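Input: a single structure, listed below in structure tokens.
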Amino acid sequence: MAALSAMSVTTFYPAVAGAAMLGAGVLAGFAAGLFGIGGGFVVVPALFAVLPLLGAVPGELAHVAIGTSLATIVVTSARSTQAHARRGAVDFALLRAWAPWIVGGVGLGVLLAARVSGNGLATIFGTGVSLMALHFLFPLLSRRQVAETMPSGAARAGIAGGLGAFSSLLGIGGGTIAIIVMTLCGKSIHRAIATAAGIGFIIALPGMIGFMAIGRDAAGLPWGSLGYVNLPAAVVITSASILTAPVGVATAHRLSPEVLGRVFGLYLLAIGALMIRNGLNH
19 MAALSAMSVT TFYPAVAGAA MLGAGVLAGF AAGLFGIGGG FVVVPALFAV LPLLGAVPGE
79 LAHVAIGTSL ATIVVTSARS TQAHARRGAV DFALLRAWAP WIVGGVGLGV LLAARVSGNG
139 LATIFGTGVS LMALHFLFPL LSRRQVAETM PSGAARAGIA GGLGAFSSLL GIGGGTIAII
199 VMTLCGKSIH RAIATAAGIG FIIALPGMIG FMAIGRDAAG LPWGSLGYVN LPAAVVITSA
259 SILTAPVGVA TAHRLSPEVL GRVFGLYLLA IGALMIRNGL NH
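Structure (structure tokens):
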């Protein structure tokens, strides 16, 4: 009877984890296409909940969740960018100009993440998510324009580098910040969303590689991890997200996203508060 009970537990936990990750992938893919984000705001909290079922120890939970989120964003953002590109909405010239500075910022963020505790990283994530929630709830900046062209020179280096560092610390694609910058500089919202998906890919690929590297000698990682990237979780989430990203893209081109944005903002606010509490209570 005890053996049967143990077997039930060992099969039940992975099943629950798998279902939760599939759900996160569905929502992340849709959000990626709709808002031009990488989906990390959905994936990271879900991974915090399910990774302990796969054997992650609390001290490494934040790093694995963020590293794995970046791995899922590689595929989600690529899929979303491809769907937007078919509509001719992606500004590839902007992506080429900003990519070196973004990648440099990502490298800085990964180095910082290697020196921050799991609790500290959870608190950083919660604070960042709460700030992003304010944009979705009160999108005042999206209605303004302060320039006719995108920043260049030192301004471009600072904004792009900061975007890369901030996003790699949170395990996100940086789409929200990128969209704000682009719309302030005269890009249409649909052009900004489409291009932000490409920025997510530029952030996520070196970020994923970096988290694999800094976690290569870590102990207490869940089964199937390569450094701070859990490969089974990444595969399950991305398998769902690549199906729903085009649905989000189609919705973004057909509907005004203001109402959905406010709902998403409330979700982010709740998640931010929860993550901050988790980071401070351990």
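Mapping the sequence shown onto this note's numbering, position 201 (from 1) lands on 219, and the numbers just tick up by one. For each residue, glycine too, the CB sits at the ideal point set by N, CA and C. Note that this is a predicted model, so its numbers are computed, not measured.
Through-space distance from Gly77 to Ile217, alpha-carbon basis: It is roughly 30 Å from the alpha-carbon of Ile217 to the alpha-carbon of Gly77.
Confirm, please, whether the CB-CB distance from Gly58 to Val267 is below 8 Å. No, Cβ-Cβ distance for Val267 and Gly58 is not below 8 Å.
What's the gap between the Cα of Ala236 and the Cα of Gly245? 7 Å
Looking only at DSSP bridge pairs, what is Val247 linked to? The partner list for Val247 (beta bridge, DSSP) reads Leu244.
Can you check which of these residues, Ser98, Val199, Trp116 and Gly238, is closest to His153 by C-alpha distance? Val199
Buried versus exposed call for Gly238 [16 or more other C-beta atoms within 10 Å across all chains shown]: exposed
Report yes if the C-beta distance between Leu79 and Arg280 is below 8 Å; otherwise report no. Not closer than 8 Å, so no.
Residue burial classification, Val62 (beta-carbon count within 10 angstroms, cutoff 16): With a 10 Å radius around the Cβ and a threshold of 16 neighbouring Cβ atoms, Val62 comes out buried.
Between the region 182–191 and the region 123–131, are three or more C-beta pairs nearer than 8 Å? yes
May I ask you to report which of helix, strand or coil DSSP gives Ser135? coil
To the nearest angstrom, report how far apart Ala214 and Ile120 are at their CA atoms. 12 Å
Determine the contact status of Gly43 and Ser243, defining contact as a CB-CB distance below 8 Å. no
In or out: Ala96 buried (at least 16 other Cβ within 10 Å) or exposed? buried
Taking 8 Å as the cut-off, decide whether the C-beta atoms of Gly204 and Ala165 are in contact. yes
Does DSSP classify Glu166 as helix, strand or coil? DSSP, read as helix, strand or coil, puts Glu166 in coil.
Between Pro70, Met150 and Val92, which has its C-alpha nearest Phe282's C-alpha? Measuring from the Cα of Phe282, the nearest candidate turns out to be Met150.
Just curious, the alpha helix (DSSP H) that Phe59 is in, first and last residue? Gly58 to Val68
In whole angstroms, what separates the C-alpha of Ile91 from that of Leu65? Going from the Cα of Ile91 to the Cα of Leu65 covers about 14 Å.
Sort Ile221, Asn248 and Thr194 by Cα distance to Arg234 and report the nearest one. Asn248
Measure from the alpha carbon of Thr145 to the alpha carbon of each residue in Phe219, Gly290, Leu113 and Arg295, then state which is nearest. Considering only Phe219, Gly290, Leu113 and Arg295, the residue with the shortest C-alpha distance to Thr145 is Gly290.
In this structure, how does DSSP classify Ser26 when only helix, strand and coil are distinguished? In this prediction, Ser26 scores a pLDDT of 42, lower than 50, which makes its location untrustworthy; the coordinate-derived value is nonetheless stated afterwards. Residue state, collapsed to three classes: helix.
Distance CB(Ala263)-CB(Thr86) smaller than 8 Å: No, they are not a contact pair.
On the criterion of 16 or more Cβ atoms from any shown chain inside 10 Å, does Phe48 qualify as buried, or is it exposed? Looking at its Cβ environment, which holds 16 or more other Cβ atoms inside 10 Å, Phe48 is buried.
What is the residue span of the alpha helix (DSSP H) that Phe184 lies within? Gly171 to Leu188
Please report the straight-line C-alpha distance between Ser23 and Ser135, rounded to a whole angstrom. Residue placement at Ser23 is flagged as unreliable, the pLDDT there being 40, under the threshold of 50; the coordinate-derived value follows with that caveat. In a straight line, the C-alpha of Ser23 is about 36 Å away from that of Ser135.
Following the continuous alpha helix (DSSP H) through Arg97, name the residue where it begins and the one where it ends. Pro76 to Ala103
As a quick exercise: from Val277, Thr141, Met39 and Leu202, pick the residue whose alpha carbon is nearest that of Gly297. Taking only the C-alpha atoms, the option nearest Gly297 is Thr141.
Use the C-beta contact count for Tyr99: other C-beta atoms within 10 angstroms, 16 or more gives buried, fewer gives exposed. Reading off the sequence shown, one finds Thr at residue 99, where the question assumed Tyr. Looking at its Cβ environment, which holds 16 or more other Cβ atoms inside 10 Å, Thr99 is buried.
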